[in-house]
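Residue numbers (this note's numbering): 498 to 883. Beta carbons: idealized from backbone N, C-alpha and C, even for Gly. Since the structure is predicted, the reported quantities are computational estimates derived from the model, not experimental observations.
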Ligand SMILES: Nc1ncnc2c1ncn2[C@@H]1O[C@H](COP(=O)(O)OP(=O)(O)OP(=O)(O)O)[C@@H](O)[C@H]1O
Ligand SMILES: [Mg+2]
């Protein structure tokens, strides 16, 4: 065992400490007497505050505070706290000799003699103006980013809503026009039915918006593809000009799919309206629904999927435009004609439903959009969709 006496305790002479404190230039290190008057001054204090030792020794340390802080009694408060509790810390503006201000991080520690009597206070101050400014800038950038993200989400939401309502209104207006121009009561009845359905879809949309606002999940359920296609076809019929033929082909015995039916209807309408817009005069739109087995070729999907294929023989999509069509707000349509949100909704829906959307197109020849949606898991206990 080594006795304590054998340990070497080097003691630094007082003048060495003085040298050490004096050579520190990044911190103002000085001593105050118990009443708050400056007793010593180092090189850092001179550099940070601008006063020479002979200018400040004997002065009250409130000299370094702003007039406002002095009026509020801040120096006295700090001193009192340090004397009572042994230490006081502070952060705030301080004034240099030339009147300029800096943001200080300061600590005030009581110094006692061997008998425990307070002989003074050690004051260490650091200029952290730069650090504070970068922190403030970072906060400002964060706030801006947050604001921008909020606006973007809001923009997408209102834009998306306007877009879907526009689709519904197209159906309502065209059906109303037809109803007004026909004498056939049965036809009028049919048109009114379409108007009613489109109106109901509008109500569902506002419900969706409300659920979004409350962060509720999509209304996912088992959906019979054939029923959905029939309903969509009914809505679409009067929004297509007579020069455009719609051919629907459904594979028999399609399985149920697991999606939000209202959203899927909007997706199909978006694809079909895009096909309609791509046809300049006469043309054909095909809607084919069948079942396919995927083995990872399409977005890594595997298993049984129901495929909705929307084909048109319209103008097609030029190769340089193709990579951008799913971007929100991307449109090649004239101002006021398209919001560029249709396909971004389709893309978002496909992803959220654990499916995929693929496009094949050639300028001048037409476009084929293929939407893959997963089969409802519990098919055994569900009736087949006939
Ligand atoms: N079937 C299609 N044939 C040719 N181009 C298409 C087809 N579908 C989409 N596009 C191109 O993709 C772009 C983006 O389509 P998207 O549905 O997202 O927006 P939009 O149709 O322009 O506007 P919105 O759907 O909001 O009315 C279209 O502007 C068009 O250039
Ligand atoms: Mg569109």
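Q. Measuring from the CB of residue 786, is there a heavy atom of ligand 1 at a distance below 7 angstroms?
A. no
Q: Just jot down, in chain order, the residues whose CB lies closer than 5 angstroms to any heavy atom of ligand 2.
A: 771, 839
(Q) Do residue 869 and residue 791 have their beta-carbon atoms positioned less than 8 angstroms apart in this structure? (A) yes
Q) Could you give the distance in angstroms between the alpha-carbon of residue 785 and the alpha-carbon of residue 767? A) 16 angstroms
Q.
DSSP three-state label for residue 826, please.
A. coil
Q. Could you give the distance in angstroms between the alpha-carbon of residue 862 and the alpha-carbon of residue 809?
A. 9 angstroms
Q.
Pull the bridge partners of residue 857 from the DSSP assignment, please.
A. 865
Q: Could you tell me whether any non-hydrogen atom of ligand 1 is closer than 7 angstroms to the CB of residue 810?
A: no
Q: Starting from the C-beta of residue 892, find all residues in its chain whose C-beta is less than 7 angstroms away, skip the five residues before and the five after it, and write them out in chain order.
A: Since the first and last residues shown for the chain are 498 and 883, residue 892 lies out of range.
Q: Pull up the distance between the alpha-carbon of residue 628 and that of residue 573, whole angstroms please.
A: 27 angstroms
Q) Between which two residues does the beta strand (DSSP E) carrying residue 872 extend? A) Careful: residue 872 lies outside any beta strand (DSSP E) and carries neither H nor E.
Q.
Taking the beta strand (DSSP E) that residue 601 belongs to, which residues open and close that run?
A. 598–609
**Q.** Nearest-angstrom beta carbon gap, residue 599 and residue 626 [assumed within contact, 8 angstroms]
**A.** 5 angstroms
Q) Contact check, residue 860 vs residue 814 under 8 angstroms by CB: the rounded distance? A) 7 angstroms
Q) What are the boundary residues of the alpha helix (DSSP H) that includes residue 542? A) 540–546
Q | Beta-carbon gap between residue 732 and residue 668 smaller than 8 angstroms | A | yes
Q) From what residue to what residue does the beta strand (DSSP E) around residue 623 run? A) 615–624
(Q) Does the distance between the C-beta of residue 830 and the nearest non-hydrogen atom of ligand 1 fall short of 7 angstroms? (A) yes
Q. Alpha carbon to alpha carbon, how far is residue 886 from residue 546?
A. It is not possible to answer for residue 886, since the shown part of the chain is limited to 498 through 883.
Q. Can you tell which of 544, 694, 818, 852 has the C-alpha that lies nearest to the C-alpha of residue 801?
A. 852
(Q) Closer than 7 angstroms to a non-hydrogen atom of ligand 1 - does that hold for the CB of residue 736? (A) no
Q: From the DSSP output, read off the bridge partner residues of residue 930.
A: Lying outside 498 to 883, the shown extent of the chain, residue 930 is not represented and no answer is given.
Q.
Once DSSP output is grouped into helix, strand and coil, what is the label at residue 553?
A. helix
Q.
Whole angstroms are fine: how far does the CA of residue 550 sit from the CA of residue 520?
A. 14 angstroms
Q: State yes or no: is the C-beta of residue 777 nearer than 7 angstroms to some heavy atom of ligand 1?
A: no
**Q.** Contacts around residue 729, its chain only, beta-carbon distance under 8 angstroms, and the 5 residues preceding and following it disregarded
**A.** 762, 765, 766, 769
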